[in-house]
Every structure is written in structure tokens, then in C-alpha cells.
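A quick write-up on the structure given underneath.
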Amino acid sequence: MGGWAIAVHGGAGVDPNLPTERQEEAKHLLTHCLNLGISALRSNLSAIDVVELVVRELETDPLFNSGRGSALTEKGTVEMEASIMDGPKRRCGAVSGITTVKNPISLARLVMEKSPHSYLAFAGAEEFARNQGVELVDNDYFITEDNVGMLKLAKEANSILFDYRIPIVGLETCSAGAAATESPLQMNGLPISVYTPE
Amino acid sequence: TVGCVVVDKEGRCAAATSTGGLMNKMTGRIGDSPLIGAGTYACDLCGVSCTGEGEAIIRGTLAREVGAVMEYKGLGLQEAVDYVVKERLDEGKAGLIAVSNNGEVACGFNTNGMFRGIASEDGFMEVAIWE
Chain A
-7 MGGWAIAVHG GAGVDPNLPT ERQEEAKHLL THCLNLGISA LRSNLSAIDV
43 VELVVRELET DPLFNSGRGS ALTEKGTVEM EASIMDGPKR RCGAVSGITT
93 VKNPISLARL VMEKSPHSYL AFAGAEEFAR NQGVELVDND YFITEDNVGM
143 LKLAKEANSI LFDYRIPIVG LETCSAGAAA TESPLQMNGL PISVYTPE
Chain B
3 TVGCVVVDKE GRCAAATSTG GLMNKMTGRI GDSPLIGAGT YACDLCGVSC
53 TGEGEAIIRG TLAREVGAVM EYKGLGLQEA VDYVVKERLD EGKAGLIAVS
103 NNGEVACGFN TNGMFRGIAS EDGFMEVAIW E
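Same order as they appear, the protein sequences are chains A and B. For the first sequence, my numbering begins at -7 and goes up steadily by one. For the second sequence, my numbering begins at 3 and goes up steadily by one.
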């Protein structure tokens, strides 16, 4: 037995022009979440409790793309998804199409613990949430001004933006947007922009 | 997308992932994060959380693949992570974090960076963004 270990992430693919203060903000939040998990582990919480606790913290802070601060759909709304898995016995729970649940990861945990299923989605998941009494908020709670600006950029570039931030400062330069048009990202071997017309 | 993986003092692994998906996505689009075995996986050997280009992660069943190559090929955690990121993503861009029941912790990505933090009971701690 090698002792406890923990890792957290806030997304892969980083805007190369991300301002230094945004980088520091991100590192600060990651350090805070790591320390939260470390103190929980030192208090003998189980692995499944710790991963839920830490992801709830990341969902509540608007910095990364989850919970508050989630990326927006083409309609300007938020549809979140999450999953959780416990190694012993491989128990798991997942949700998709979540629009009112403040912490989707906790709903995923309840699917694992309180339902006979592994995965609930959209209206069924929202009904389960209401029955379980989890904290519900308006969809607006999840929407930040940053992301409204990013959605505008994405629509102008007629593209789907990859899981990373675009600096407000960069908006004038449209760095990533330009990047999206100059060298569009590939998805399934195709320029990512081909997916929008669908 | 955000994620967390933990192995606790008893050697029990767990993983969790949560996301808003892609900006400007179609309503109803489901990515890798809620798919057990793709964006998230945990078993008695390891716990894995992935992030990045969902469609590529789904195609590669990335999270389970880490557990599979540890189980069938006997790779260590970092070896398994490196193998999966290199061999299972085709042209897809993604990253992942992982722990093993031996108290190992690892991350791997083929993007230009990944927001990540790692710590272990022996005092190791790192928070980083770039390569």
C-alpha cells in the first residue's frame, strides 16, 4: 500500500495567450482544491467522498468549464454532464442534460447510491434531482459574462470552441477565434466548423 | 471540464468528472465526461478522469483503456497513461489524470497544456498548466 494520492484537472488545451493573472487565478484555484482534498484524506474520508467534495468545489467556482462558468450551447443555455465511479465493486453514476442542479457531480453520486441505474439524462435526471431534494437554481446561475462573450466569438467564427478559455483581453485580437478560422481545430479528422451546420 | 481522482489510505480508487461541454454545442450533445469508461473510470487498480476532445475520448474509451493496459499488459500507472495518450487518441487532443491503488499519481496530455494539480502522501505536490 503506497499511501494516499490525489490529482485534479481544469481542462486540457490552454489558450497560448492566456494572461498571466488568469494563469495565476487558475493555479490558485487548483491549489485550493488540492488542499481541500488533502485535508479530507488526512481526516480519513474515503476516495469516493473526496472526489465528490473536490469536484463540487470546482463546479461552484466559475473559473473552469463546469457548473457555474460552464460553456454555453448554441442557444446560449447551459447543459451540464458529470460522472463518478468508485473503484471497489466498480459502482458508478452519471448524468447528462442537467440545467438546474447546482452541483451535477452530487446528482451523479445519487444516481449511483439511490437509483437502480448508472446513468440518467435530461428530463428524467431533472425529475430525479427534484425527488432527491438536491439544491436547484435557475439556468442563469451558471451563465457568466465571460462565456456570453465567448459564445458570441464562436458564432462569429462559425465554430465550436475547444474546452478552453479565451482571454477577454484577447477579444480585440480575436486570437483564438482567429486561430479557429486560420487553423481550425480538427474533430474526427474534419475541420471542427463543419459540425455547426448540423 | 473539471475532474478529480483519488486513492485513499486504504488503497481505494475513485474518479469524478464534470463539464459544461463545448462552447456553441448543439443542445442534446453528449460528450465523454458522463460516459463511464470514456471520460471517467475507476476499478481496484486505478481511477482516471479525462478532458479534451470528447469525440476522440469516446472513440478511444480512454479512461477504461488505462485500467485495461495496466491489467492486461502489466504496465505501471505513468506507462499506461503515456501509452493511452499516445496510442489511443488518433488525431484527437486530450489529457487525463490518474491514480493507482499503489499510491501512484500521474497525468498525460497531447495538448499544449492542461490545468492540473497533483499531490501524494509522501509530500509531493505540483500545480501546473503548460508542458
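Note that beta-carbon positions come from the ideal geometry of N, C-alpha and C, so glycine has one too.
Nearest to B/Thr29 by alpha carbon, out of A/Gly89, A/Pro54, A/Glu16?
Locating residue 29 of chain B in the second sequence gives position 27, where the first residue counts as 1. Comparing Cα positions, the closest option is A/Gly89.
Just to make sure I have the definition right: I need the residues of chain A whose C-beta is within less than 9 Å of the C-beta of B/Ile107. Which are they?
In the second sequence, counting from the first residue as 1, residue 107 of chain B sits at position 105. The displayed chain sequence assigns Val, not Ile, to residue 107 of chain B. The answer, in chain order, is Ala(-3), Ile(-2), Ala(-1).
Is it true that the CB of B/Asp124 sits closer than 8 Å to the CB of A/Gly(-5)?
Numbered from its first residue, the first sequence carries residue -5 of chain A at position 3. Numbered from its first residue, the second sequence carries residue 124 of chain B at position 122. Taking 8 Å as the Cβ cut-off, A/Gly(-5) and B/Asp124 qualify as a contacting pair.
From A/Arg82 to B/Gly78, what does the alpha carbon distance come to, in whole angstroms?
Reading the first sequence from its first residue, position 90 is the one you call residue 82 of chain A. Reading the second sequence from its first residue, position 76 is the one you call residue 78 of chain B. One C-alpha to the other measures close to 20 Å.
Counting pairs of Cβ atoms below 8 Å between the region 45 to 62 of chain B and the region 104 to 115 of chain A, do you hit three or more?
Result no; under three Cβ-Cβ pairs closer than 8 Å.
Which of the three DSSP states, helix, strand or coil, is assigned to A/Glu13?
In the first sequence, residue 13 of chain A corresponds to position 21, counting from 1. Three-state result, A/Glu13: helix.
I need the straight-line Cα distance from B/Gly105 to A/Pro11, nearest angstrom please.
To locate residue 105 of chain B, count along the second sequence from 1; it is residue 103. To locate residue 11 of chain A, count along the first sequence from 1; it is residue 19. Roughly 35 Å between the two C-alpha positions.
Does DSSP classify B/Thr63 as helix, strand or coil?
As a first step, residue 63 of chain B is located in the second sequence; it is residue number 61 there, counting from the start. Three-state result, B/Thr63: coil.
Exposed or buried, A/Asp130, counting other C-beta atoms within 10 Å across all chains shown (16 or more means buried)?
The residue you call residue 130 of chain A lines up with position 138 of the first sequence. It is exposed - the Cβ of A/Asp130 has fewer than 16 other Cβ atoms within 10 Å.
Just to confirm my understanding: we take A/Cys84, look at its own chain, exclude 5 residues before and 5 after, and list those with CB closer than 8 Å. What are they?
What you label residue 84 of chain A is simply residue 92 of the first sequence in a count that begins at 1. Hits under 8 Å: Ser75, Ile76, Met77, Asp78, Met104, Ser110.
Going by DSSP, what residues sit across from A/Leu128 in a beta bridge?
What you label residue 128 of chain A is simply residue 136 of the first sequence in a count that begins at 1. Per DSSP, A/Val93.
What are the residues of the region 24 to 39 of chain A that lie near chain B, defined by any Cβ-Cβ distance shorter than 8 Å?
So the list reads Cys25, Leu26, Gly29, Ile30, Leu33, Asn36, Leu37, Ser38, Ala39, given in the order they occur along the chain.
Output yes or no for whether 8 Å exceeds the beta carbon distance between B/Thr21 and A/Ser58.
To locate residue 21 of chain B, count along the second sequence from 1; it is residue 19. To locate residue 58 of chain A, count along the first sequence from 1; it is residue 66. The answer is yes: Cβ separation under 8 Å.
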